[in-house]
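Asks:
Chains as they are written, first to last, in UniProt numbering: chain A, 1 to 194; chain B, 1 to 687.
Next comes the structure, spelled out in C-alpha cells:
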C-alpha cells in the first residue's frame, strides 16, 4: 500500500542519511541489529544481486530505493484472493530468498561447509560454545536432509549439497507463506539510528 | 466399532446413568457430584495437564484471537442467552414468570462457558489441525475468568435490592482483577517452583512432587481470593515448565508426564461418570419451554457469536479463518461439568428454581456432548477439515525456524518497526540474560535452545536404537546415510578427543554421532591419502592384534548373553537402566558382515574401562586379508561397573597411532545397589 511505501521511503532516507543509495555501512547504524546473530547474512542479502532480480551474480555495492522495495517485497503478507498457482509462486519466491541467504558462494547448492557456517552464526550469540557442537549439529542436520531428499544411500554415494528442489522439500512442513512476513501495524513508531 | 462412532465421554456418561439407575433401583441414594469435590480434586489435574503441556508457540501466536473468543464471546453468549431467557420467562406463563432478570443472567453466565474437559475429551479423538484445536481449547481455558466474575457478580446482585451503575462498573473492573490476579498468582508460584527445582539435584526422587504441589497451591490460593483458579494453574504450568525441565532429571520428567496424564485421565472419567449418576439422582423439574428454548438459544448464540467475532478478527489475522474453521469452532463449543457444578452451587434460598436450572443445564450438556460430540467426527471428515500432521520435529526444522525468527527480527529492525518479532526477541534476550541464570542450575543456563534440542534428539535416538537393537539387525529406520556420504574428506582423525577434561555429555554426543548414525561404514581410500608407507604396516599389525582381541571379546560376549535373565529384576527395570546410562561402545574390528548390537546389561561387576575405538582403517583393500574384513561391524555393549565412586576415569590409550584412536572411559552410574539412588541425571547438569 502507498502508506507503507511512504513509510519505507522515510526509513530509507533515514538510513541513507538523505542520499540516493545505501551502502553496507549504513546498516551498521541500526542499534538493534547488533544483537542479531545472523545480521551479516541479512545485510548481505540486501545487496545480493540475485535477490534484486538482476541477471548477474555477485554483490552490488549500493542499492537505491527501488531495490530496497524489491527486497522488502519478499516479505509481503499473503493475500486472500490468490489462487493456487499464485500461491505456489509466492511461496517459491520467499524460499528462494532464503536459499540465497544460506548459499553464500552462489553456486546453487548448500554444501556442508555453508551449512556449518549457518549454524555457527546462529549460535554465535553464545561465546561459550565450542565449534564442535555447532559442527555436529550441522552434520546431523545435513544427514537428515540427505536422507529426506535422497532416501537410502549406499556407502559410496556422495551427497553434494542441498539444491533448491531439496530445499523446497525440507520446508514442506512449514507454511512459509504465512510465517515470513512483516506487519506494518503501527506506522508511526520508527526506531532511530545513530 | 462402537468407539469410533461414540466418543468416550458419551460412553462414560451412559455408564454413569446405568450405575446411578442401579443404585437407585437398589433403594440407596446415589451420590451426587458435589461441587467442592469437583472443584478441589477433580478439575485441577485436568487443567494442570493441559497447562503444562500447552503448545506455547501456537498459543502465543493466536493469543489475540483466543482472548477475543474467550472474553467477548462468553460475554456475548451470557448476555444474549440471559436476556432471551428472561423474555421467554416473561412470556412463558405462570410457571416461569417469577424468574427475574438477574436470575436469568446468572443462568446465562453459567451455561455459556465452553468447557475444557468436554472439549479435550472430544477433540482429542478427532485429531483436527493444531490451529483449530488451540483456538477452541484456549478459549475454553481462558473463559474461566469471565465465568467466575459473572457468576459471582450476578449471585451477589441477586441479593441486592438495587443494582447501581457503580456496581456494574466495579464488576467490570473486577474482571481485570480476577483474570490478571489469577495469572499473577500462577506466575509467582511458577517462579518459586522453578527456583526450587534448581536445588533439587540431590533429592531427585521428590522433584515431581514440587511441580504438583506448587501448581496445586497456586490453584488453591487463587480460588481462595475468588480469583480465577484455572488461569493461575495454567500460568504456573507454563511459567515453570522450561526452567523445571532444564533442571530435573530425565526420570523425573517422565514421572511428571505420566502422573499428570494418569490423574487427568482418572479425573475425566470420574467427572463424566458422576455426571451420569447425578442425572439419575438429582431432583428434576422439567419445564418444556424453558429447556427447549435454552437449548435453542445456546446454539444460536454460539453460532452468531462466532460469526461476528471471526469477521472482526479476520481483519487482523494473516491466516484468515475460513467458514469451515468457523463452523468447527462454533460446533466445538461444548458445555460440560463445570456448568453443572456451578449450577449445583446455587443456593436454594435465593434461587428457588434451581432444580429447573439444573435440569436445563444437564440437558444442554447431554445434547452438546452426545449429539455434537458424536457428529463432529463425521462432519470433520465430510468437510475435509485439515487434520493434525504427525510430523516429528527434525533438527532441520529447528534450525530453519530459528533462522527465520532472526531474519524477521532483523528485517523489522531495518524497517524501524517494533513488531511482534522485535518484542519476542527482546523477551528472549531478557530471559537468557537474567532469568535463566537464576532459575536454572549450573551451566545449563547458558545452553542455547538449538543445542538443547539437539541433545534431546540424540538422546532419543540413542535410546531408540538401544531398545530396538537387541541381537540382530539394526532396524532399517536408521538412515544409511553416513558421514562419509556428505563429506568424503572427513577423517576420523578429526574426532579424536583430548584426554581428560571433556565432560560426559560431549562424549556422548560424539559417540552417538559417530557411531549410531552409521550402520556400515566404509572408509574410502583412507590409507592412500593420509598414511605413508611405513605406518601402513603398523596398521596391518594392529589389525591382526585386534582381530585376536575381537575373537576373545566375542567369546566373552557369548558368555554374557546367556547370563542376563536371572540377574535382572525385571525387563522394564533393565530397560530403564539402559535408558539412563550413558552408553559405552566397543566397535569390533572385524566381526561378521552385519553390524551386531548386543546389549549386555548384567555384566559382572568389572571395573574395567571400556575401549572405544574408532572404525578401523579399512583401506587395506589391497591387502591379502580376506574380503570379509570389508565391512565393519558395530558392537555396543552396555556395562555397569561396580565401583560407584569412579567418575570418569580415563586411562590413556595404548599405542596411539594415527590409525587407531582410542577413547577410554568408564561409566559412572553406580551399579545395582540396595538403595537405588539415581546416580546421575540423564541430562547431566554440568557442561
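Yeah, the Cβ is synthetic: ideal placement off N, Cα and C, and Gly gets one too.
(1) Establish whether the CB of residue 197 of chain A and some CB of chain B are separated by less than 8 Å.
(2) Determine the DSSP secondary structure at residue 110 of chain A, reduced to helix, strand or coil.
(3) Roughly how many angstroms lie between the CA atoms of residue 716 of chain B and residue 459 of chain B, to the nearest whole one?
(4) Residue range of the alpha helix (DSSP H) that residue 242 of chain B falls in?
(5) For residue 122 of chain A, return the contacting residues in chain B, with the cut-off set at a CB-CB distance below 8 Å.
(6) Are the CB atoms of residue 146 of chain B and residue 172 of chain B within a distance shorter than 8 Å?
(7) Just how far apart, CA to CA, sit residue 117 of chain B and residue 141 of chain B?
(8) So which of A/12, A/135, A/67, A/87 has the shortest CA-CA distance to residue 112 of chain A?
(9) Residues in its own chain within less than 8 Å of residue 214 of chain B by CB, not counting five upstream and five downstream?
(10) From what residue to what residue does the alpha helix (DSSP H) around residue 133 of chain B run?
(11) Could you check the C-alpha separation between residue 289 of chain B and residue 84 of chain B for me, to the nearest Å?
(12) Counting contacts by CB-CB distance shorter than 8 Å, is residue 9 of chain B in contact with chain A?
(13) What residues in its chain sit with their C-beta under 8 Å from that of residue 55 of chain B, if we drop five residues either side in the sequence?
(14) With contact counted as at least three CB pairs below 8 Å, one residue from each stretch, are the segment 146 to 165 of chain B and the segment 405 to 413 of chain B in contact?
(15) Using a Cβ-Cβ cut-off of 8 Å (strictly less than) and excluding sequence neighbours within five positions of residue 307 of chain B, which residues of its own chain qualify?
(16) Going by beta carbon distance, what residues of the same chain come within less than 6 Å of residue 13 of chain B, once the five residues before and after it are set aside?
(17) For residue 229 of chain A, which option in A/12, A/13, A/41 has the closest C-alpha, if you only look at C-alpha atoms?
(18) Quick check: the Cα distance between residue 105 of chain B and residue 78 of chain B, rounded to an integer number of angstroms?
(19) Taking 8 Å as the threshold (C-beta atoms), are residue 370 of chain B and residue 10 of chain B in contact?
(20) In three-state terms, what does DSSP make of residue 578 of chain B?
(21) With burial defined as no fewer than 16 other Cβ atoms inside 10 Å of the residue's Cβ, what is the status of residue 360 of chain B: buried or exposed?
(22) Going straight from the alpha carbon of residue 84 of chain A to that of residue 168 of chain A, what length do you get?
(23) Take the Cβ of residue 11 of chain A as the centre, count every other Cβ of all protein chains shown within 10 Å, and call the residue buried at 16 or more, exposed below.
(24) Classify residue 384 of chain B: buried if its beta carbon has 16 or more other beta carbons within 10 angstroms, exposed otherwise.
(25) Do residue 252 of chain B and residue 323 of chain B have their C-beta atoms within less than 8 Å of each other?
(26) Mind checking residue 258 of chain B: buried by the 16 CB within 10 Å criterion, or exposed?
(27) Relative to the C-alpha of residue 27 of chain B, which candidate in B/19, B/33, B/41 has its C-alpha closest?
(28) Identify which residue in B/255, B/24, B/298 has its Cα closest to the Cα of residue 278 of chain B.
(29) Are residue 302 of chain B and residue 333 of chain B closer than 8 Å when you measure CB to CB?
(30) From residue 355 of chain B to residue 284 of chain B, what distance separates their C-alpha atoms?
(31) Please report the Cβ distance between residue 115 of chain B and residue 335 of chain B, rounded to the nearest whole angstrom; I am assuming they are in contact, meaning their Cβ atoms lie under 8 Å.
(32) Hey, could you find the ends of the alpha helix (DSSP H) residue 269 of chain B is sitting in?
Replies: In this structure, then:
(1) Nothing about residue 197 of chain A can be reported from this structure: the residues present for chain A run from 1 to 194 only.
(2) On the first chain, position 110 is the one that residue 110 of chain A refers to. Residue state, collapsed to three classes: strand.
(3) This structure cannot speak to residue 716 of chain B, because chain B is shown only from 1 to 687.
(4) Taking the second chain and counting its residues from 1, the one referred to as residue 242 of chain B is at position 242. Looking at the DSSP string, the run of the alpha helix (DSSP H) that includes residue 242 of chain B is 229 to 247.
(5) Sequence index remark: in the first chain, residue 122 of chain A carries index 122 (1-based). Simply 399, 402, 403, 406, 450.
(6) The count along the second chain starts at 1 and reaches residue 172 of chain B at position 172. The count along the second chain starts at 1 and reaches residue 146 of chain B at position 146. Contact: no.
(7) One-based indexing of the second chain puts residue 117 of chain B at position 117. One-based indexing of the second chain puts residue 141 of chain B at position 141. Between residue 117 of chain B and residue 141 of chain B, the C-alpha separation is close to 9 Å.
(8) Translated into positions along the first chain, residue 112 of chain A becomes position 112. Considering only A/12, A/135, A/67, A/87, the residue with the shortest C-alpha distance to residue 112 of chain A is A/135.
(9) Walking along the second chain from the start, residue 214 of chain B turns up at place 214. Excluding positions up to five away in sequence, the list reads 189, 190, 192, 193, 196, 236, 240.
(10) Along the second chain, read from residue 1 onward, the residue named residue 133 of chain B stands at position 133. Unbroken alpha helix (DSSP H) run through residue 133 of chain B: 130 to 157.
(11) Sequence index remark: in the second chain, residue 289 of chain B carries index 289 (1-based). Sequence index remark: in the second chain, residue 84 of chain B carries index 84 (1-based). Near 12 Å, if we compare the C-alpha coordinates of residue 84 of chain B and residue 289 of chain B.
(12) Position 9 of the second chain, counting from 1, holds the residue named residue 9 of chain B. Output row for residue 9 of chain B: interface = no.
(13) Residue mapping note: residue 55 of chain B aligns to position 55 of the second chain, counting from 1. Closer than 8 Å at the Cβ level, and outside the excluded window around residue 55 of chain B, lie 130, 134.
(14) no
(15) Counted from its first residue, the second chain places residue 307 of chain B at position 307. Excluding sequence neighbours, residue 307 of chain B sits near 326, 330.
(16) Position 13 of the second chain holds residue 13 of chain B. The beta carbon of residue 13 of chain B sits closer than 6 Å to the beta carbons of 272, 275, 276 from its chain, once the five residues preceding and following it are set aside; these are given in chain order.
(17) Only positions 1 to 194 of chain A appear in this structure, which leaves residue 229 of chain A out of reach.
(18) Along the second chain, read from residue 1 onward, the residue named residue 105 of chain B stands at position 105. Along the second chain, read from residue 1 onward, the residue named residue 78 of chain B stands at position 78. Roughly 7 Å separates the two Cα atoms.
(19) If you number the second chain from 1, residue 10 of chain B lands on position 10. If you number the second chain from 1, residue 370 of chain B lands on position 370. Yes, the Cβ-Cβ distance between residue 10 of chain B and residue 370 of chain B is below 8 Å.
(20) Numbered from its first residue, the second chain carries residue 578 of chain B at position 578. At residue 578 of chain B the pLDDT is 43, less than 50, meaning the model places this residue with poor confidence and gives no usable figure here.
(21) Here the question's residue 360 of chain B lines up with position 360 in the second chain. Buried is the call here.
(22) For the purposes of this step, residue 84 of chain A is identified with residue 84 of the first chain, where counting begins at 1. For the purposes of this step, residue 168 of chain A is identified with residue 168 of the first chain, where counting begins at 1. Cα to Cα, the separation comes out at about 17 Å.
(23) The residue you call residue 11 of chain A lines up with position 11 of the first chain. When all chains shown are included, residue 11 of chain A counts as buried.
(24) Indexing the second chain from 1 puts residue 384 of chain B at position 384. It counts as exposed.
(25) Looking up residue 252 of chain B in the second chain gives position 252. Looking up residue 323 of chain B in the second chain gives position 323. Contact flag unset, no.
(26) Taking the second chain and counting its residues from 1, the one referred to as residue 258 of chain B is at position 258. Classification of residue 258 of chain B: exposed, given that the 10 Å Cβ count is below 16.
(27) Counting from one through the second chain, the residue named residue 27 of chain B turns up at place 27. Comparing Cα-Cα distances from residue 27 of chain B to each of B/19, B/33, B/41, the minimum goes to B/19.
(28) Walking along the second chain from the start, residue 278 of chain B turns up at place 278. Selected option, being the one with the closest Cα: B/24.
(29) One-based indexing of the second chain puts residue 302 of chain B at position 302. One-based indexing of the second chain puts residue 333 of chain B at position 333. Result yes, Cβ atoms of residue 302 of chain B and residue 333 of chain B sit closer than 8 Å.
(30) Here residue 355 of chain B corresponds to residue number 355 of the second chain, with the count starting at 1. Here residue 284 of chain B corresponds to residue number 284 of the second chain, with the count starting at 1. The C-alpha of residue 355 of chain B lies about 6 Å from the C-alpha of residue 284 of chain B.
(31) One-based indexing of the second chain puts residue 115 of chain B at position 115. One-based indexing of the second chain puts residue 335 of chain B at position 335. Their Cβ separation, rounded to whole angstroms, is 5 Å, which keeps residue 115 of chain B and residue 335 of chain B in contact under 8 Å.
(32) Working through the second chain from its first residue, we reach residue 269 of chain B at position 269. For residue 269 of chain B, the uninterrupted alpha helix (DSSP H) segment begins and ends at 250 to 281.
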